[in-house]
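Undergrad: Below is a structure I'd like to ask you about.
Protein chains in written order, with the working numbering: chain A, 487 to 845; chain B, 301 to 1016.
Set out below in structure tokens:
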């Protein structure tokens, strides 16, 4: 029954999970290659944590099949699966020392004490906590507790390592640092990792692949760059990074390209299988280039309504001719900022603009 | 493929039940194992085990395993219930088949057989995916459900069935109707005539009155404690412990010594003001005062919790919206605590209904259901049918109140417990409310002091009120230690019952704790079909008044298949199941503070659920376990109502002994013994508090070792 080396580390085959009348996961299928770090991203209640808990065995699928390393584990309990998890709350046992926490899984699976301690010490050293073994979890800082939780999970050398929003209890500066540590550790040990977060920057920074979830389904599955530059739907474009989503008209299609009308402008962009007629265009805030003064025929006329100075860049809100919604613009030029009320010409940059195929 | 160890062990135990161990529980130990015993109905019991063994090979036939186990259990129940000690257990079987076979009560063989079948059933169900395939969880659920069914449900069923039978065991539903409709239960003569009302109305009136009074007093205490600057925390803590360590009838006794015809106060009033002595205390006034004294602390603890749940920020918000303190109280505080008040009332109501000892000691001619049940069983009439009918009426009342408490109030609690960051100072009471609180509390406190003073002093004078010469006579009668031929021995009359009490309470203690904590774990941490019903059944056992349980146990366990009366075992069992809800509550309260992700972390680290329970949850549940053990012990020592039916000359208990002394007028010994019990209990609590107090771990200091919710239980 055991799968060969070609088998993916995790595979979902049409998995559905219902809680009473609520469907938390709707016929989801995917597979995760070995050694990859895959992030599940989405707003709360979208089903991303449910996927994680289904992999762990903390929930049982209502329908479908779950395979780990090619073996069907659908009916196995959490204790019987070769998977470990780093919890949002870290879930360190408060009545055990750090070393006892890290040894716990090894001892539960019957390893001799001396050997378990040796392995645990090595992993504690790996996460930079050598010498902290005798402390209680309550005597450590949040970041240190987080590392203990990671050490406790990796010491079992699981086939899949799960992270449930592991950084959400850390402050913003520490978060970036720990994020990189986790990434390095995962790469160094070539672990397969599934990572849940609602922070899209975190997801973009560390993932090999991101699955964006919405309403109990996978909305888009791809590389960070693919998701950011080629969002497949309004939801994904809006959720990953900031985007101005404006209505456009596709006038004609030739090959891969289409001519797209936005107000007075006609742009030539890949149509991404959107049909002729009304469509939507996603424009990243930094893809809108502003020049003071009146607009020529190649630009959209607009007027600044609000401006904010953020140190590294300026943020503008501006009203553009023919658009009901205000546009949000990020401009790196902080030396000569534009004042509210100023007329500007708006041009589009070559990248950061994409037709959205689905509404 | 090899058999899992779980199956091997339980198959072996089941087989031992039929092959090795004596099937019947005979005192002389002459019983043979089932396969070799006389009855031809026993050998078929081995068949399900054979089928189960076949079904276990390769573990591929869970359906067959389940069918075999259920067949075994059913056959065991059917043969046990149908074939009694003297032929068929039911008359209609005689008419069908003629005179039947007979058999004595079951013994260890039957116990092992039943356990084996139950565990095989659990394994089969788990293999089919029940409880996420967790064998330990399924078997724990089946075990607890089985025990509750045997020791709570089966006795209650026995009561119901005996109510519809005449005293010879024949089916007589019309007799049930006659007895149920009896004017002695439902008569309204006190309204329309001169005679007293039916016992049901008496009980309802008494319980309603006590419920109202305890709620009002409890509210007054809670308000003064939380909303005035009086330093009352310590006093309230002491008060809250009193009803736990005081056997319920002791207050009635003290009241008699204070206000009875020869009581201290009565004599003093007669001497000073020529107020004629009367017997006014015997009857409703006495019961009411005694019960209000006994149960007010319970209402107080409930309402303290409710008031603490009202976030001060809400009241502050009201005040910043320009509301006066009276307006705030009326429109914010009062509506928020109203469900808590209803809860306190229902608890007082149930407690009063279930109270047996105070009406017995001080009730005079005022009959209530719990005492009537007792007299129907032990009195001259010896009418078990009537006892059963009365028990059903009482059970109907308490269960209705219990249902009301759970269904109706369950959704109406506004108390915001999880609310973080509710800071601020609670509003002070309006002057009028504060004054009336004081007016209510002060006399109550004086009375409490008088009562407990009487308990502690009354046994050390010749005759309270009449002859106040100090004496140790009663103390020596009860607790003397003499030196005889064989060295020192305990010659006092109380020692026997005292030692038996401690022994039985100590035996019941670990079982109560394990049962309660395990049930709490299953309820809080596991999802399984019928969980709500399971919770309801487990908690229901404390809405069953002790008198009802006592009668039910006599009816159920006096004859085969399960014969336990006259043993210390049945007393310990009755303690375990009456006090189990304490363990459940303590466990639930504590488990809710332990984050679920800790269990999940343990599971994902490869520890199975039993390992998780023992190594992660139990160490953190230590406060709840201690609470459950302490309460179990203390409540076992102070219990009267259920055990008064179960004690024998050999297994007499302290409380029953005291009630007996009081009944024949030996107040001196009764009071001295009571005082010793109260002091002993206080000592136990203090010692345990000292031990537990230093053993708290890490940050988890907020979990108090002795918790209030456990109080809200029926003691009788």
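Glycine included, every Cβ here is placed at the ideal spot set by N, Cα and C. For clarity, every value in this text was computed on a predicted model and none was experimentally measured.
For residue 900(B), return the contacting residues in chain A, with the cut-off set at a CB-CB distance below 9 Å.
TA: Here the neighbours are 539, 542, 544, 564, 571, 573 and 577.
Undergrad: Please tell me whether residue 315(B) has its Cβ less than 8 Å away from any Cβ of chain A.
TA: No, its Cβ sits nowhere closer than 8 Å to a Cβ of chain A.
Undergrad: So does the stretch 567–574 of chain B actually touch the stretch 531–548 of chain B, counting three or more Cβ pairs closer than 8 Å?
TA: No contact exists between the stretch 567–574 of chain B and the stretch 531–548 of chain B.
Undergrad: Look at the alpha carbon of residue 582(B) and the alpha carbon of residue 666(B), and state the distance between them as a whole number of angstroms.
TA: Roughly 8 Å between the two C-alpha positions.
Undergrad: Can you find the residues in the same chain that come closer than 6 Å, C-beta to C-beta, to residue 618(A), ignoring five residues on each side of it along the sequence?
TA: Answer for residue 618(A): 584, listed in chain order.
Undergrad: On the CB-based measure, 16 or more other CB atoms within 10 Å of its CB, does residue 672(B) come out buried or exposed?
TA: Buried, since its Cβ has 16 or more Cβ neighbours within 10 Å.
Undergrad: Which value, in whole angstroms, describes the spacing of the CA atoms of residue 717(A) and residue 530(A)?
TA: Approximately 20 Å, taken between the alpha carbons.
Undergrad: Check each residue of the stretch 905–919 of chain B: if its Cβ is closer than 9 Å to any Cβ of chain A, include it; give the result in chain order.
TA: Hits within the stretch, in order: 905, 906, 907, 908, 909, 911, 912, 915, 916 and 919.
Undergrad: Just tell me which of 422(B), 426(B), 427(B) and 430(B) has its CA closest to the CA of residue 446(B).
TA: When only C-alpha atoms are compared, the closest one is 422(B).
Undergrad: Quick check: the stretch 600–617 of chain A against the stretch 561–575 of chain A, are at least 3 beta-carbon pairs closer than 8 Å?
TA: Contact fails: fewer than three Cβ-Cβ distances are below 8 Å.
Undergrad: Tell me which same chain residues have a C-beta within less than 7 Å of the C-beta of residue 628(B), skipping the five on either side of it?
TA: Same-chain partners within the cutoff: 615, 618, 619 and 727.
Undergrad: If we call anything under 8 Å between Cβ atoms a contact, is residue 352(B) one with residue 337(B)?
TA: Contact: no.
Undergrad: Name the residues in the stretch 585–609 of chain A whose C-beta lies less than 7 Å from a C-beta of chain B; which are they?
TA: Cβ contacts with chain B come from 590, 591, 594 and 595.
Undergrad: Hey, out of 380(B), 425(B) and 390(B), whose CA is closest to residue 405(B)'s CA?
TA: If we check each option's Cα against that of residue 405(B), 380(B) comes out closest.
Undergrad: Mind checking the stretch 677–707 of chain A against chain B and listing, in chain order, the residues whose C-beta falls within less than 8 Å of any C-beta there?
TA: Listed by position, the residues of the stretch 677–707 of chain A near chain B (Cβ gap below 8 Å) amount to none.
Undergrad: Is it buried or exposed, residue 768(B), if we count other Cβ atoms within 10 angstroms and call 16 or more buried?
TA: Looking at its Cβ environment, which holds fewer than 16 other Cβ atoms inside 10 Å, residue 768(B) is exposed.
Undergrad: Using the Cβ count rule (16 or more neighbours within 10 Å means buried), how would you classify residue 670(A)?
TA: By the 10 Å Cβ count, residue 670(A) comes out exposed.
Undergrad: Look up residue 787(A) in the DSSP assignment and say whether it is helix, strand or coil.
TA: Strand, per DSSP.
Undergrad: Among the candidates 755(B), 805(B), 554(B) and 942(B), whose CA atom is the shortest distance from the CA of residue 846(B)?
TA: Residue 846(B) has its Cα closest to that of 942(B), out of 755(B), 805(B), 554(B) and 942(B).
Undergrad: The alpha helix (DSSP H) with residue 922(B) in it runs from where to where?
TA: Residues 922–938.
Undergrad: Span of the beta strand (DSSP E) holding residue 606(B)?
TA: Per DSSP, residue 606(B) belongs to no beta strand (DSSP E); it is in the alpha helix (DSSP H), 584–609.
Undergrad: Under a three-way DSSP split, which group does residue 561(B) fall into?
TA: Note: residue 561(B) maps to coil in three-state DSSP.
Undergrad: What residues match up with residue 730(A) in a beta bridge as DSSP calls it?
TA: In the DSSP output, where bridge partners are listed per residue, residue 730(A) has 769(A).
Undergrad: Please work out which residues of its chain come closer than 7 Å, Cβ to Cβ, to residue 714(B), disregarding the five sequence neighbours upstream and downstream, and give them in chain order.
TA: Residue confidence for residue 714(B) is low, a pLDDT of 49 falling below 50, so the modelled location carries little weight; the figure read from the coordinates is stated next. Contacts found: 636 and 639.
Undergrad: Along chain A, in chain order, which residues have C-beta atoms closer than 8 Å to that of residue 824(B)?
TA: Simply none; closest approach about 16 Å.
Undergrad: Which residues of chain B have a Cβ atom closer than 8 Å to the Cβ of residue 561(A), listed in chain order?
TA: Within chain B, the residues near residue 561(A) are 429 and 433.
Undergrad: List the residues of chain B whose Cβ lies closer than 9 Å to the Cβ of residue 675(A), in chain order.
TA: Those do not exist, as residue 675(A) stays about 17 Å from chain B at its closest Cβ, beyond 9 Å.
Undergrad: Taking the alpha carbon of residue 858(B) as the point to measure from, which residue in 904(B), 945(B) and 612(B) has its own alpha carbon closest?
TA: Checked all of 904(B), 945(B) and 612(B); the closest Cα to residue 858(B) is 945(B).
Undergrad: Pull out every residue of the stretch 873–902 of chain B whose Cβ sits closer than 8 Å to any Cβ of chain A, in chain order.
TA: Cβ contacts with chain A: 895, 897, 898, 900, 901 and 902.
Undergrad: In this structure, does DSSP put residue 739(A) in helix, strand or coil?
TA: Of the three classes helix, strand and coil, the one that applies to residue 739(A) here is strand, per DSSP.
Undergrad: Check whether the stretch 804–819 of chain A and the stretch 728–735 of chain A touch, using three or more Cβ-Cβ pairs below 8 Å as the test.
TA: At 8 Å Cβ cutoff, the stretches touch.
Undergrad: Starting from residue 674(A), trace the alpha helix (DSSP H) in both directions and tell me its first and last residue.
TA: Segment 658–674, the alpha helix (DSSP H) holding residue 674(A).
Undergrad: Which residue's Cα is closest to the Cα of residue 976(B): 882(B), 648(B), 779(B) and 823(B)?
TA: Checked all of 882(B), 648(B), 779(B) and 823(B); the closest Cα to residue 976(B) is 779(B).
Undergrad: Using only the alpha-carbon positions, how far apart do residue 562(A) and residue 645(A) sit?
TA: Taking the straight line from one Cα to the other gives about 15 Å.
Undergrad: Going by DSSP, name the residue or residues bridged to residue 792(A).
TA: In the DSSP output, where bridge partners are listed per residue, residue 792(A) has 803(A).
Undergrad: Are residue 782(A) and residue 832(A) close, meaning C-beta to C-beta below 8 Å?
TA: Contact flag unset, no.
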